[in-house]
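A short worksheet on the structure shown next.
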Amino acid sequence: LHLPKTPVAEFLPANVLYHKSTLHGPVDLDQFKSNQLQVLKKLTEEEFRWKDTTSDETLKLIEQETSRLQELTVAYETCIGDLTLHRAARNANAIHQRQASEELSKNQAAQKLIRYGASLKLDVASDVCPACMQNIGHSLTDLHESTPHMDIETNIDYLRSQIKMLERDTAAIEQSVKETTVVSEELAKSIASSKSKLRALKSDLTTNAAVSKSNLRQQLQVEMSIEEVSQFLQRNDEQLEALAELSAQFKRNQQSRAALPKEHYSDVDLEKYALFSKIFRANVSSFDYHSAPVKDIKFNVENLLPELDKIELREVYRKDFNERKAASPTSTSKNSSNIARESSASDFVRLIWSYIMTLYETSAHFTVKGNHPGFILLDEPGQHSMATKSQLALLQKLSAEKNLQSIVAASFDDSEAAYKEATHNVQFKLILLGSKAIVPGGDSVLAGAEGEQAQ
1 LHLPKTPVAE
11 FLPANVLYHK
21 STLHGPVDLD
31 QFKSNQLQVL
41 KKLTEEEFRW
51 KDTTSDETLK
61 LIEQETSRLQ
71 ELTVAYETCI
81 GDLTLHRAAR
91 NANAIHQRQA
101 SEELSKNQAA
111 QKLIRYGASL
121 KLDVASDVCP
131 ACMQNIGHSL
141 TDLHESTPHM
151 DIETNIDYLR
161 SQIKMLERDT
171 AAIEQSVKET
181 TVVSEELAKS
191 IASSKSKLRA
201 LKSDLTTNAA
211 VSKSNLRQQL
221 QVEMSIEEVS
231 QFLQRNDEQL
241 EALAELSAQF
251 KRNQQSRAAL
261 PKEHYSDVDL
271 EKYALFSKIF
281 RANVSSFDYH
291 SAPVKDIKFN
301 VENLLPELDK
311 IELREVYRKD
321 FNERKAASPT
331 STSKNSSNIA
341 RESSASDFVR
351 LIWSYIMTLY
361 ETSAHFTVKG
371 NHPGFILLDE
381 PGQHSMATKS
391 QLALLQKLSA
401 EKNLQSIVAA
411 SFDDSEAAYK
421 EATHNVQFKL
431 ILLGSKAIVP
441 GGDSVLAGAE
451 GEQAQ
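The opening residue of the sequence shown carries number 1 in the numbering used here; numbering runs sequentially from there.
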């Protein structure tokens, strides 16, 4: 008793009590042990008076023990009968519960169909036959019976209540089964002990021994019972100590959790996110992003992604057809626009550029000094027919970062004009791949600040 079912911060082992189930009801375990010690003391005293015991007294004890054995046998048979009834009731409840669950599942499926039909504005969902336009109910028996029937919502509520009632009933039956099983086991032990005592008493009638076998057998049984209780208490004392330690640890954990900051992010974190958002918008603008107003782009600190009106920037709008038609789709001029650049795909690539660059710039900022490795590798950043003006802005930004090593693998659509325009005034080291492989000691040359062509 008094053992908490859930973790508690203050667990006191001294408050836990043990009860033992006996034929006379539950008894405190300490009291049971004390009673057994008194019985053992009484048996020890009777051992010394055995020599003065007459046969008539032994016969009287045999008669008493026989009567007790008969009572125990009747009680055991009654207990076994009750246990059989409890198990039968448990099995019946399980069947009823399973049937109710199946009916509930069927009714819920029918309810979904009715709601789906209502969303499609079907006549059946309104209890109207689509063929004859007569009223129909939720049960087929409505067609031939005049008695009212529950609608499907009421039936579902009824089945749920029935299942809950059966669950409570099953729990009560399970408890009765446990209690009856304990009583039957105690009765079985008592019957075995009574038979053993009866055999010993009958043996005492025909023996000339100085010690009663019945007395010795009872002493042995009592000593075994006391030893069993002592071992049980010893084992549980160890478990209670472990529970007390766990309770103390649980209390420390609660205190540590209470000491955690209430906000998910600290003020320093929020300052970093604000800086990240500011740099991100600047990069987006420098890369010629047009799908949405840059000033309206926000940085979501929950998922660490940019968003517009609480929508992640993955799908963006297109300009009017007349504006897109006025732009040449093949132009590579720095001042011209084209349909490819205005598409959501190319602008999404600009967002990726901005995000990657912002990660480094925020980490390298003097107020942050983060752990960015200082290395960026880009493979074909000008995909989706990206405007060369945007590619030039990206390469210039990469080149301007003195503490950043960046490698860009690009083909520039195999256009010499696009290559020259995208690398104008960019300081870089050119590595020609040749047959799509880096040749040992191959053609690596430095290009000047004017962006002259490397051979």
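Even glycine gets a Cβ: it sits at the ideal position worked out from N, Cα and C.
None of these values were measured; they are calculated from a predicted model.
Asked	Found
What span of residues does the beta strand (DSSP E) with residue 20 cover, start to end?	19 to 22
Determine which residues share a DSSP beta bridge with residue 394 and list them.	Paired residues: none, contrary to the question.
Quick one: what does DSSP say residue 136 is sitting in, helix, strand or coil?	coil
Assign residue 55 to buried or exposed, taking buried as 16 or more other Cβ atoms, counted over all protein chains shown, within 10 Å of its Cβ.	exposed
What is the rounded straight-line gap between the Cα of residue 177 and the Cα of residue 249?	37 Å
Check whether the Cβ atoms of residue 240 and residue 72 lie closer than 8 Å to each other.	no
What are the boundary residues of the alpha helix (DSSP H) that includes residue 43?	29 to 48
Terminal residues of the continuous beta strand (DSSP E) containing residue 405?	405 to 409
Quick one: is the Cβ of residue 377 within less than 7 Å of any heavy atom of the ligand PLP?	Here there are no bound small molecules, and the ligand PLP is not part of this structure.
Taking Cβ positions, are residue 287 and residue 355 nearer each other than 8 Å?	no
Is it a yes or a no for the stretch 196 to 215 touching the stretch 108 to 117, going by three-plus beta-carbon pairs under 8 Å?	no
Drop a sphere of 10 angstroms on the beta-carbon of residue 366, count the other beta-carbons inside from all chains shown, and report buried for 16 or more, exposed for fewer.	exposed
Helix, strand or coil: how does DSSP classify residue 157 here?	helix
What are the boundary residues of the alpha helix (DSSP H) that residue 216 is part of?	213 to 259
Just confirm the distance between the C-beta atoms of residue 428 and residue 385, as a whole number of angstroms; I'd bet it's less than 8 Å.	Not quite, the Cβ-Cβ distance comes to about 22 Å (not below 8 Å), so this is no contact.
Keeping to the same chain, check which residues put their C-beta closer than 7 Å to that of residue 215; ignore five residues upstream and five downstream.	43, 46, 47, 50
Within 10 Å of its beta-carbon, does residue 10 have 16 or more other beta-carbons around it, so buried, or fewer, so exposed?	exposed
If the criterion is Cβ atoms closer than 8 Å, does the pair residue 76 and residue 184 meet it?	yes
Suppose you measure from the CA of residue 4 to the CA of residue 245; what does that come to, to the nearest Å?	15 Å
Look at the Cβ atom of residue 521, then the Cβ atom of residue 93, and state whether they are nearer than 8 Å.	Because the chain is modelled from 1 through 455, residue 521 falls outside the range shown and cannot be assessed.
Is it true that the stretch 189 to 199 meets the stretch 83 to 90, where meeting means three or more beta-carbon pairs spaced less than 8 Å apart?	no
Quick one: using the 10 Å Cβ neighbour count with 16 as the cut-off for buried, is residue 6 buried or exposed?	exposed
Rounded to the nearest angstrom, how far is the Cβ of residue 218 from that of residue 195, given a contact under 8 Å?	13 Å between Cβ atoms; not a contact.
In terms of DSSP beta bridges, what is residue 379 paired with?	409
Tell me the residue span of the beta strand (DSSP E) that contains residue 425.	Careful: residue 425 lies outside any beta strand (DSSP E) and carries neither H nor E.
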